[in-house]
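Colleague: In our numbering, the protein residues as written are 1 to 246.
From the three backbone atoms N, C-alpha and C, an ideal C-beta is built for every residue, glycine too.
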């Protein structure tokens with residue numbers, strides 16, 4: 001299931017076929033300090049409370065061990081439903097098994113996961129491929145208007161979180177759209193980061209130093225933080241805003 005909506009509250013007991021009232025719904029967030037997850041948590045809380053439930057938000061700050069512990073804590077607290085955005089997709093089997101054993105409804109948000117048999121956990125979030133294509137189309141339009149492909153040197157900074165398929169779905173689709181618009185495939189430079197602004201900033205600096213011949217850069221990433229970090233690095237390196245598309 002791919003629904004372009006965040007903050008959805010799940011309060012259906014497995015096997016009961018009816019909504020429970022005054023139950024506990026828990027949202028476990030991979031990075032609660034990021035604005036996307038702040039907005040998501042607010043919407044989750046408002047929706048859950050409007051349905052008559054108690055809402056609890058847990059921020060695991062990109063820590064996989066904390067995510068597993070938060071899952072156990074939610075089950076122990078008697079959660080009627082859990083929505084989780086995992087720090088990494090490899091947690092899927094253990095998270096799904098814990099929910100199934102406890103009989104607690106589970107949905108994945110932001111990042112799709114699967115159980116140990118490879119069956120996808122119900123997913124509420126964005127279609128990563130469509131998102132990446134939309135970003136690529138927008139960036140390609142600006143790139144063609146800029147005229148950078150006709151003279152000078154133009155590079156593509158793909159700020160990439162390779163451990164999450166939802167991220168590579170987005171950035172691969174963006175790359176494909178930019179190359180189709182005329183950008184050289186060999187101009188793509190992958191910038192590995194951990195999903196945070198600081199990581200993108202520190203990873204981009206050395207790459208800019210290694211490519212002194214590039215006059216213009218197009219920046220895209222899995223999330224806003226990746227783009228922002230790379231833009232800060234470009235500014236620190238002396239690039240003007242008019243020489244960058246982000």
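Based on the DSSP output, what are the partners of residue 245 in its beta bridges?
Modeller: DSSP lists 218 as partners of residue 245.
Colleague: How would you call residue 158, buried or exposed, if buried means at least 16 neighbouring beta carbons within 10 angstroms?
Modeller: Per the 10 Å Cβ criterion, buried.
Colleague: Ordered along the chain, which non-local residues of its own chain (more than five positions away) have a Cβ less than 8 angstroms from that of residue 205?
Modeller: Here the set comprises 233, 236, 237.
Colleague: From the DSSP output, read off the bridge partner residues of residue 154.
Modeller: In the DSSP output, where bridge partners are listed per residue, residue 154 has 216.
Colleague: Skipping 5 residues on each side, what residues in its chain have a beta carbon closer than 8 angstroms to that of residue 35?
Modeller: Hits under 8 angstroms: 224.
Colleague: Assuming residue 44 and residue 55 form a contact by the criterion Cβ under 8 angstroms, report the distance between their Cβ atoms to the nearest whole angstrom.
Modeller: Right, their Cβ atoms sit about 6 angstroms apart.
Colleague: Just tell me which of 131, 109, 147, 185 has its CA closest to the CA of residue 26.
Modeller: Considering only alpha carbons, the answer is 109.
Colleague: For the segment 165-173 against the segment 142-156, are there 3 or more C-beta pairs whose distance is under 8 angstroms?
Modeller: No, the segment 165-173 is not in contact with the segment 142-156.
Colleague: Taking residue 62 as the reference, which of 42, 96, 31, 76 has the closest Cα?
Modeller: Ranking the options by Cα distance to residue 62, first place goes to 31.
Colleague: When burial is assigned at 16 or more other CB atoms within 10 Å of the CB, is residue 59 buried or exposed?
Modeller: Residue 59 is buried by the Cβ-count criterion.
Colleague: Is the segment 166-181 touching the segment 209-228, taking contact as three or more C-beta pairs under 8 angstroms?
Modeller: Judged by Cβ distances under 8 angstroms, the segment 166-181 makes contact with the segment 209-228, as three or more pairs qualify.
Colleague: Taking residue 99 and residue 24 to be in contact with their CB atoms under 8 angstroms, please state how far apart those CB atoms are, rounded to whole angstroms.
Modeller: 14 angstroms between Cβ atoms; not a contact.
Colleague: Throw me the rounded Cβ distance for the residue 196 and residue 132 pair, which I believe falls under 8 angstroms.
Modeller: About 20 angstroms; that fails the 8 angstroms criterion.
Colleague: Going by CA-CA distance only, name the one from 96, 88, 65 that's closest to residue 194.
Modeller: If we check each option's Cα against that of residue 194, 88 comes out closest.
Colleague: In angstroms with no decimal places, state the Cα-to-Cα distance between residue 19 and residue 90.
Modeller: Its pLDDT being 41, under 50, residue 19 is placed unreliably by the model, and the measurement read from it follows with that caveat. One C-alpha to the other measures close to 31 angstroms.
Colleague: Roughly how many angstroms lie between the CA atoms of residue 8 and residue 64, to the nearest whole one?
Modeller: Reliability of the predicted coordinates at residue 8 is poor, the pLDDT of 38 falling under 50, and no value is obtained from them.
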